[in-house]
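Novice: Okay, so the sequence shown: first residue is 0 according to numbering that gives the first Met the number 0, each after it adds one.
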Amino acid sequence: MKMLSIRSLPRIKPRISRFLLLEMKNAVLPRDYELSVAFVDTGVMREINGKYRNKRYSTDILSFPLSPCSGEIIFSMKDIEKRAPMVKRGTSNFLAFLFIHGLLHLKGYSHGSRMEREEEKIRRKFNI
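(1) Taking buried to mean at least 16 other C-beta atoms within 10 Å of its own C-beta, is H110 buried or exposed?
(2) What whole-angstrom Cβ distance do A114 and L103 have, given they're in contact under 8 Å?
(3) Which first and last residues belong to the alpha helix (DSSP H) in which G101 is found?
(4) Less than 8 Å between the C-beta atoms of D75 and V39, yes or no?
(5) Give me the Cα-Cα distance between D78 and N126, rounded to the nearest whole angstrom.
(6) With DSSP collapsed to three states, give me the class of M0.
(7) List in chain order: all unbroken beta strand (DSSP E) runs of 3+ residues lying wholly within the stretch 24–67.
(8) Below 7 Å CB to CB, which residues in the same chain sit around K54 once its five sequence neighbours on both sides are set aside?
(9) Just verifying my parser: in three-state terms, what is the DSSP assignment at E115?
This is how it looks when you write it as structure tokens:
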């Protein structure tokens with residue numbers, strides 16, 4: 000059984016290795032947690048954000064718990080590429096940073112200092 004599946008639109012190039020995603024996933028979530036990762040364009044992200052969050056704009060990441068042992072993280076590479084310089088990070092580094100953030104949401108964390116401390120601990124482990 001696959002525990003990590005990655006999908007991408009043909010013209011979207013994820014800038015991170017599958018191995019790193021799997022290592023980070025296993026550091027945060029149980030090994031048997033089934034995670035789907037999708038890379039979409041801004042139009043698709045805008046539709047998803049509108050449908051599930053009632054927001055009419057694209058965003059860099061969305062995470063959706065599907066069950067206690069499965070979830071999905073969706074990225075918009077254009078939004079990540081646009082925002083990375085604003086937070087003084089390279090695109091791949093920012094993508095990894097956001098992936099950790101999404102994993103913690105799937106684990107049940109909400110924004111706040113507890114989540115930030117956990118993010119920092121995981122970022123240090125992976126040198127992000």
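All C-beta atoms in this analysis are idealised placements derived from N, C-alpha and C, irrespective of residue type, glycine included.
Specialist: Per the coordinate set shown:
(1) Locating residue 110 in the sequence shown gives position 111, where the first residue counts as 1. Under this definition H110 is an exposed residue.
(2) Position 115 of the sequence shown, counted from the first residue, corresponds to residue 114. Position 104 of the sequence shown, counted from the first residue, corresponds to residue 103. Before going on, a small fix: residue 114 reads as Met here, not Ala. Right, their Cβ atoms sit about 6 Å apart.
(3) For the purposes of this step, residue 101 is taken as residue 102 along the sequence shown, with counting starting at 1. 90–106 is the span of the alpha helix (DSSP H), which, as asked, contains G101.
(4) For the purposes of this step, residue 75 is identified with residue 76 of the sequence shown, where counting begins at 1. For the purposes of this step, residue 39 is identified with residue 40 of the sequence shown, where counting begins at 1. For the record, residue 75 in the displayed sequence is Ser; it is not Asp. Yes, Cβ-Cβ distance for S75 and V39 is below 8 Å.
(5) Taking the sequence shown and counting its residues from 1, one reaches residue 78 at position 79. Taking the sequence shown and counting its residues from 1, one reaches residue 126 at position 127. Distance between the alpha carbons of D78 and N126 is about 23 Å.
(6) On the sequence shown, residue 0 is found 1 positions in, with the first residue counted as 1. Here the model assigns M0 a pLDDT of 43, short of 50, so the residue's position is not dependable and the matter cannot be decided.
(7) 33–39, 60–66
(8) Here the question's residue 54 lines up with position 55 in the sequence shown. Contacts found: N48.
(9) Within the sequence shown, the letter at position 116 stands for residue 115. E115 falls in the helix class under three-state DSSP.
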